[in-house]
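See below for the structure under consideration.
Below, the structure is given as structure tokens:
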């Protein structure tokens with residue numbers, strides 16, 4: 216258990232920064248004109264984040280892993296079919312006694328794409344097929360720019376105001392995320408070499424963007440009284456629901472890999488890429504899809520699930536690594 220904890224902390228020191236930003240937003244929320252400036256800065260950071268994701272996506276990696284279609288279909292089915300089905304079931308069971316906005320956030324996280332960095336990292340630790348993990352996770356994120364807002368529009372009541380259709384939010388998110396992503400990928404022949412050589416220097420762009428968005432979102436939520444509406448009991452229920460969801464999906468991935476006859480290396484990819492949800496994609500998507508005052512409470516379930524999935528997958532990856540090495 217201690218070894219799993221060390222692996223978890225090694226791969227996710229971002230946890231402490233994230234908790235620090237939430238605390239800062241709670242104690243020192245931005246208001247008025249400062250809140251507008253913070254929101255605009257967050258939008259610019261999001262555009263830069265997805266531009267960088269597009270520029271970092273190697274076509275060679277896509278071609279290398281694209282032939283493993285069974286693995287990719289199973290991963291996408293887990294991400295965009297199984298997860299939403301489990302989310303709808305949990306929300307139906309918890310409706311009436313759980314916080315409605317937290318339930319909306321719980322359902323929202325099930326509609327998000329898989330992670331990229333964590334899926335690849337844990338696949339590598341567990342001695343899985345890293346090239347296939349790159350392809351599956353990247354494909355999930357590219358399609359998620361379209362799939363997630365469409366699923367949100369179909370399964371959730373997302374409106375900024377009485378006269379605004381949820382499809383307006385879909386168009387907004389496509390413009391905010393898809394256009395910068397495509398621009399970055401199209402410019403990869405010109406800037407890809409520089410980005411590949413300086414990945415470590417550019418990595419803070421991802422985290423700084425998310426921290427800025429979280430600070431802006433939680434500031435607005437604190438001003439609206441989020442901590443008066445969310446109790447310790449709510450958080451405990453949220454953690455329990457996240458644990459049930461993760462256990463069901465990871466168990467289903469193991470069974471699906473066996474039923475499909477996937478080799479061990481591909482089964483590892485399915486286990487990790489098929490059971491995760493992306494905080495990096497989810498926070499900006501929530502900012503585009505939900506009213507500013509609700510974003511903080513909507514992303515709270517995602518933040519809880521994000522940390523839980525990393526801790527559990529760190530333990531699983533360490534065990535699979537030991538099994539592979541012996």
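Numbering (our numbering), first residue to last: 216 to 541. From the three backbone atoms N, C-alpha and C, an ideal C-beta is built for every residue, glycine too. All of these numbers come straight from a predicted model, not from anything done at the bench.
- Within the same chain, Cβ atoms closer than 6 angstroms to the Cβ of residue 486 are found at 468, the five residues on either side in sequence being excluded.
- Using a Cβ distance threshold of 8 angstroms, residue 494 and residue 425 count as a contacting pair.
- Residue 257 is positioned such that its CB atom lies no closer than 8 angstroms to that of residue 496.
- Judged by their CB atoms, residue 302 and residue 327 are not nearer to each other than the 8 angstroms cut-off.
- In this structure the stretch 441 to 459 does not lie against the stretch 249 to 269, because fewer than three pairs of beta carbons, one per stretch, are closer than 8 angstroms.
- Closest option to residue 499, judged by alpha-carbon separation, among 518, 481, 491: 518.
- Where residue 294 is concerned, there is no enclosing alpha helix (DSSP H), because DSSP gives it neither an H nor an E.
- In terms of Cα proximity to residue 289, the closest of 529, 540, 470 is 470.
- Contact check for residue 237 against residue 433 passes: the beta carbons are separated by less than 8 angstroms.
- For the pair of segments examined, the stretch 507 to 527 was found to touch the stretch 455 to 465: the number of CB pairs separated by less than 8 angstroms reaches three.
- Taking 8 angstroms as the cut-off, the Cβ atoms of residue 269 and residue 397 count as close.
- Around the CB of residue 405, fewer than 16 other CB atoms lie within 10 Å, so the residue is classed as exposed.
- Going by C-alpha positions, residue 333 is about 8 angstroms away from residue 525.
- Three or more pairs of CB atoms, one per stretch, sit closer than 8 angstroms, so the stretch 312 to 322 contacts the stretch 505 to 517.
- The beta carbon of residue 338 sits closer than 6 angstroms to those of 345, 348, 483, 484, 487, all from its chain and outside the five residues before and after it, given in chain order.
- Residue 439 carries a coil assignment under DSSP once its states are collapsed to helix, strand and coil.
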